[in-house]
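> Could you have a look at this structure, given as structure tokens, before my questions?
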Amino acid sequence: MKKIVDIPHLSVSYNSRLALQVRGLAIFNHEILAVIGPANSGKSSLIRSINRMIDLNPRAHVEGEILFDGANIYHPSFDVHELRTRIGMIFPVPMALPMSIFENLAYGPRLHGLVSIRKLTAAVEDCLKAVGLWDEVKQRLDTTALRLSGGQQQRLCLARALMVAPEILLFDEPCSGLDPISTAKVEATMRALAKKYTIVLVTNNIKQAARVSDRVAFFYNGELVETGRTKDVFRKSKDRRTADYISGKFG
């Protein structure tokens with residue numbers, strides 16, 4: 001499989017306190033990589049480093065390299081705006097904009113210069129279908145997105161990310177506030193999208209990682225402990241800490 005992201009070495013500190021240290025993590029094209037580990041293990045710092053959302057935290061200091069298609073995203077000449085277009089992010093709490101369902105999706109492409117109503121309408125339909133939301137909202141695209149359920153809003157946010165044609169989707173605990181039915185829909189959507197996109201999923205739900213991911217990376221105390229195919233890591237972990245976490249001995 002082709003590497004789309006390679007992290008030879010990376011460290012993240014907050015107010016000079018080391019929070020994350022990674023050596024040798026790869027993300028492959030069209031896979032779902034689950035990032036697991038207890039609280040404060042560096043999972044969210046990792047994915048916020050991959051699309052440089054971490055730049056928005058004035059306390060954060062990043063050292064090292066993240067290679068995206070071979071280019072170091074932390075090189076001074078790298079276009080951060082382009083990076084965040086190519087690498088979308090879905091947050092734990094759905095952030096629907098206070099506007100119509102249609103305008104929620106059209107917002108990003110319009111910022112990038114797409115003004116054709118015909119093209120926008122087609123793209124909105126395609127992206128809503130991709131996340132399994134089209135049939136649920138097609139008759140009310142002009143109504144406020146804030147009336148959607150939490151699960152629907154989360155899929156709307158995912159559809160909005162798809163509107164700018166990203167290559168990678170970063171999910172930070174996307175199901176943390178959802179009921180089991182909504183969670184199942186989001187998981188099914190992730191599996192379907194992996195045919196076209198690369199997905200990195202941060203989750204505290206061990207069973208979710210086992211259900212949806214192709215590979216898993218376990219973090220503990222800010223350190224990458226182990227990575228491998230999900231079925232291999234879950235069946236026979238190489239590190240005792242990984243095995244103890246997966247078995248529920250700590251978390």
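Take the sequence shown: its position 45, counting from 1, is numbered 45 in the UniProt record's numbering, and each next residue is one higher.
For every residue, glycine included, the Cβ atom is placed at its ideal position computed from N, Cα and C.
With the cut-off set at 7 Å, would you say residue 60 and residue 107 are in Cβ contact?
Not closer than 7 Å, so no.
> Taking all protein chains shown into account, do 16 or more other C-beta atoms lie within 10 angstroms of the C-beta of residue 24, making it buried, or fewer, making it exposed?
Burial call: exposed.
> Could you check which residue in 86, 90, 124 has the C-alpha nearest to that of residue 104?
Residue 104 has its Cα closest to that of 124, out of 86, 90, 124.
> When the Cα atoms are used, what is the spatial distance from residue 225 to residue 7?
Computed Cα separation, rounded: 14 Å.
> Could you please give the first and the last residue of the uninterrupted alpha helix (DSSP H) stretch that includes residue 244?
Note, residue 244: alpha helix (DSSP H), 240-246.
> Measuring only the C-alpha atoms, how far is residue 95 from residue 138?
Their Cα atoms are separated by approximately 20 Å.
> Compare the Cα-Cα distances from residue 81 to each of 47, 38, 32, 166 and report the closest residue.
Per the Cα distances, 166.
> Going residue by residue through the region 152-231, where are the continuous alpha helix (DSSP H) segments of at least 4 residues, counting only ones entirely within it?
Listed in chain order, they are 180-193, 206-212.
> Kindly list the residues whose CB is nearer than 6 Å to the CB of residue 85, restricted to its own chain and excluding five residues on each side of it in sequence; keep chain order.
Contacts found: 164.
> In the region 78-102, which residue ranges form an unbroken alpha helix (DSSP H) of at least 4 residues, counting only runs that do not cross its ends?
Fully enclosed alpha helix (DSSP H) runs of 4 or longer: 80-86.
> Would you identify the three-state DSSP class for residue 64, choosing helix, strand or coil?
Reduced to three states, the DSSP call for residue 64 is strand.
> Once DSSP output is grouped into helix, strand and coil, what is the label at residue 17?
Of the three classes helix, strand and coil, the one that applies to residue 17 here is strand, per DSSP.
> Does the Cβ-Cβ distance between residue 39 and residue 216 come in under 7 Å?
It is not a contact, given that the beta carbons lie outside the stated cut-off.
> Among the candidates 130, 22, 56, 68, whose CA atom is the shortest distance from the CA of residue 29?
Residue 29 has its Cα closest to that of 68, out of 130, 22, 56, 68.
> In whole angstroms, what separates the C-alpha of residue 237 from that of residue 87?
Roughly 30 Å between the two C-alpha positions.
> Identify, in the order they occur along the chain, each residue of the same chain with its Cβ nearer than 7 Å to the Cβ of residue 282, setting aside the five sequence neighbours on each side.
The shown model of the chain, from 1 to 251, leaves out residue 282, and the question about it has no answer.
> If you draw a straight line from the C-alpha of residue 175 to the C-alpha of residue 182, how long is it?
Straight-line Cα distance between these residues: approximately 8 Å.
> Would you decide whether residue 276 is buried or exposed? Buried here means 16 or more other CB atoms lie within 10 Å of its CB.
A question about residue 276 goes unanswered here, because the residues of the chain that appear run from 1 up to 251.
> Beta-carbon within less than 6 Å of residue 227's beta-carbon, same chain only, minus the 5 sequence neighbours each way: which residues are those?
Taken in chain order, the residues that qualify are 217.
> Rounding to the nearest angstrom, what Cα-Cα distance links residue 41 and residue 115 in this structure?
Using only the alpha carbons, I get a separation of about 43 Å.
> Identify, in the order they occur along the chain, each residue of the same chain with its Cβ nearer than 7 Å to the Cβ of residue 32, setting aside the five sequence neighbours on each side.
If we look at residue 32 and ignore the five residues flanking it on each side, its Cβ neighbours are 190, 194, 199, 201, 212, 213, 214.
> Does the distance from the CB of residue 219 to the CB of residue 3 come in under 7 Å?
Contact: no.
> Which whole-angstrom value is the C-beta distance of residue 308 and residue 143, which I expect to be below 8 Å?
For the chain, the structure presents residues 1 to 251; residue 308 sits outside this window and is missing.
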